[in-house]
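For reference, the structure is listed below as structure tokens.
Protein chains in written order, with our numbering: chain A, 38 to 325; chain B, -7 to 315.
Here's what the structure looks like:
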């Protein structure tokens, strides 16, 4: 991206889908220039949508987080988390039974908000190894939904394994990011936790978040976006950029997140545009 | 010896040996059913029998009917009886006691568990560093017996913030992350393992990769393989597999009991991708028993030639009954 092509880009895009961690903020602080670009694009009449694979906060909580970080005008409707996405998808498909949830309290709250019945094990009601094998499976549970759960244990995965194998429950995951990268450390991501269950049952889940087309369908139905006039901006090749490229959108990689030059050179997933940070959009456009 | 290639150290098992082993011809015929017509030829043609345990001799805590009688029958005929199990949770001593309680006498030297094999493997590559272990007491005992220094995380608290997990990771130089079945697996243990694996010199070893195990009520519960997949996924590293069907287990066995005549050896198991694959990979016959996790239908459907058994029968007791 540079001042030469920014004009054409802005002229051909109505909607900007922005990944959050590594694009808007990093380690709890906004990345310089990011919110300036957001406001600039809004002033140009562009639609700004925050698109994150985060599944630990409700949509409202995430919007509040963005507000606290520096976007005064963000509303809930501008925010799509993978937890919101999976709950919306289930509702859209007419799901009316009970879900077995493995994930954070934020994921549970999102399901509650969207009126989906769920069962979740934690703390006192967590199952022992013997308990997992002897407990009777509730016939009302028709789907297993898994998100990030730092309190993951054998009881939860074992129970979900039995539901999928014995009751033929549908299997969903919020997202499959294998790692969660912060400036100071690399931690297991939701995708790594999900593999405990997916390898045990020999089946891959239907994935809600990027790069799945589930989130794409939800976005189109909720925002009416035209993919050919949409640009996805993200820091991760196998989620953000793959999502953009697979859905006929423009894609832009920023280097303020998890991807470095070496990975980019070696990757089969190629972003259409590349720039250092989101702030560059306003910089190049206003020729600063 | 490129450590990262197979996670193996130089001098133990090189790529050429592995390739040779894999090109050895395995049978491509359809599995033969055992019957009274071929049982004599089958038994007379074998000196050594290797037995998987779960699904062959017992299911959970329940003996499969006739299994112990058949073991004794073969033993009395002078056959060599060896046990080869991917179970990493029990020590050899406990296994020996279990056999005794069920009515079969054997030496500890005839029992090979993946826990024993894991420790023996590390010893064979002259591993002198520290192990971070995610696994059960079976591996712990074997590591101690083999003089391998290890540590575990026992009680991991629930961390509200992820950074706290990293702060609590012991600042130790770890040479290997070893994983077996751990029913008390937590996020912190995986995060800790991931942290140590980021050091290029740290190897990743797993006792076995069985994705699921039969449960008490007959269905499946997550196995060591599904647990190890978490660390595989997060680190992007493929682990060194010690247990069946890996070639390491066979080398561990023969280095203990000496060379065996492969033409006169038979592996008896209930799992295609571990027991049967193990036999085919190492060049000897296999007998699939249908008393465990595999059905006849699954046996016929298998597309992988290395997963197809030489013989099959309903249950181990058939060997005795047919003859």
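Every residue, glycine too, gets a C-beta built ideally from N, C-alpha and C.
- Consult DSSP for residue 168 (chain B) and reduce its assignment to one of helix, strand or coil. strand
CB contact check: residue -1 (chain B) to chain A, cutoff 8 Å:
Confidence at residue -1 (chain B) is low in this model, with a pLDDT of 34, below 50, so the placement of that residue should be treated as unreliable; the coordinate-derived value is given next. Taking Cβ atoms only, chain A never reaches closer than 8 Å to residue -1 (chain B), which makes this a no.
For residue 45 (chain B), does the three-state DSSP call read helix, strand or coil?
coil
- In whole angstroms, what separates the C-alpha of residue 102 (chain B) from that of residue 40 (chain B)? 11 Å
Q | Neighbourhood of residue 156 (chain A) by C-beta, 8 Å cutoff - its chain only, sequence neighbours within 5 removed | A | 135, 136, 137, 138, 175, 178
In whole angstroms, give me the CA-to-CA distance for residue 207 (chain A) and residue 183 (chain A). 11 Å
If the cut is a Cβ gap below 8 Å, which residues of chain A does residue 209 (chain B) touch?
170, 171
Where the alpha helix (DSSP H) containing residue 93 (chain A) begins and where it ends: Per DSSP, residue 93 (chain A) belongs to no alpha helix (DSSP H) and is neither H nor E.
- Query: Do you know how far the Cα of residue 204 (chain A) is from the Cα of residue 311 (chain B)?
  - Reply: 36 Å
#### Entry: Member of A:197, A:82, A:85 whose CA lies at the smallest distance from the CA of residue 166 (chain A)
A:197
Legend entry - Residues, ordered as in the chain, of the stretch 219 to 241 of chain B that lie near chain A by beta-carbon distance below 8 Å: 219, 221, 222, 223, 224, 225, 226, 228
Discussion item. How far does the alpha helix (DSSP H) with residue 273 (chain B) in it extend, from its first residue to its last?
Written reply: 269 to 274
Over what stretch of residues does the beta strand (DSSP E) that includes residue 69 (chain B) continue unbroken?
Premise fails: residue 69 (chain B) is in no beta strand (DSSP E) and is neither H nor E.
- Considering only C-alpha positions, which residue in the set B:110, B:108, B:140 is nearest to residue 120 (chain B)? B:140
* Go ahead and pull the three-state DSSP assignment for residue 150 (chain B). => coil
Just how far apart, CA to CA, sit residue 271 (chain A) and residue 295 (chain A)? 10 Å
query = Are there three or more Cβ pairs, one per stretch, closer than 8 Å when the stretch 150 to 161 of chain B is compared with the stretch 127 to 136 of chain B?
reply = no
With DSSP collapsed to three states, give me the class of residue 264 (chain A). helix
Item to complete: Within its chain, find whatever has a CB closer than 7 Å to the CB of residue 188 (chain B); leave out the 5 residues flanking it on each side and keep chain order.
Response: 124, 166, 169, 194
For residue 178 (chain B), return the contacting residues in chain A, with the cut-off set at a CB-CB distance below 9 Å. 187, 188, 189, 190
- Would you tell me roughly how many angstroms separate the C-alpha atoms of residue 91 (chain A) and residue 241 (chain A), rounded to the nearest one? 20 Å
(Q) Can you list, in chain order, the residues of its chain with a C-beta nearer than 6 Å to that of residue 77 (chain A)? Leave out the 5 residues immediately preceding and following it. (A) 319
query = Can the beta-carbon of residue 111 (chain B) be found closer than 8 Å to that of residue 171 (chain B)?
reply = no
* 8 Å Cβ cutoff, residue 237 (chain A) in contact with chain B -> yes
Checking 8 Å against the spacing of the C-beta atoms, do residue 117 (chain A) and residue 88 (chain A) come in under that value?
yes
Exercise. Beta-carbon of residue 222 (chain A) versus every beta-carbon of chain D: anything under 8 Å?
Worked result: No chain D is present in this structure, whose protein chains are A and B.
Check: Between B:179, B:242, B:38, which lies nearest to residue 155 (chain B) when the distance is taken from Cα to Cα?
Finding: B:179
Between residue 172 (chain A) and residue 164 (chain A), what straight-line distance do the alpha-carbon atoms span, to the nearest angstrom?
-> 9 Å
### Query
Does DSSP put residue 174 (chain B) in a helix, a strand or coil?
coil
- Mapping DSSP to helix, strand and coil, what is residue 231 (chain A)? helix
**Item:** N-terminal and C-terminal residue of the alpha helix (DSSP H) that residue 131 (chain B) is part of
**Value:** 129 to 137
Point to revise | Check: residue 314 (chain A) C-beta below 7 Å from any heavy atom of the ligand FMN | key: No copy of the ligand FMN appears in this structure; indeed no ligand is present at all.
State the beta-bridge partners of residue 103 (chain B) as determined by DSSP. B:75
### Task
State the beta-bridge partners of residue 60 (chain B) as determined by DSSP.
Paired residue(s): none; residue 60 (chain B) is not in a bridge.
Out of B:182, B:114, B:118, which has the shortest C-alpha to C-alpha gap to residue 146 (chain B)? B:182
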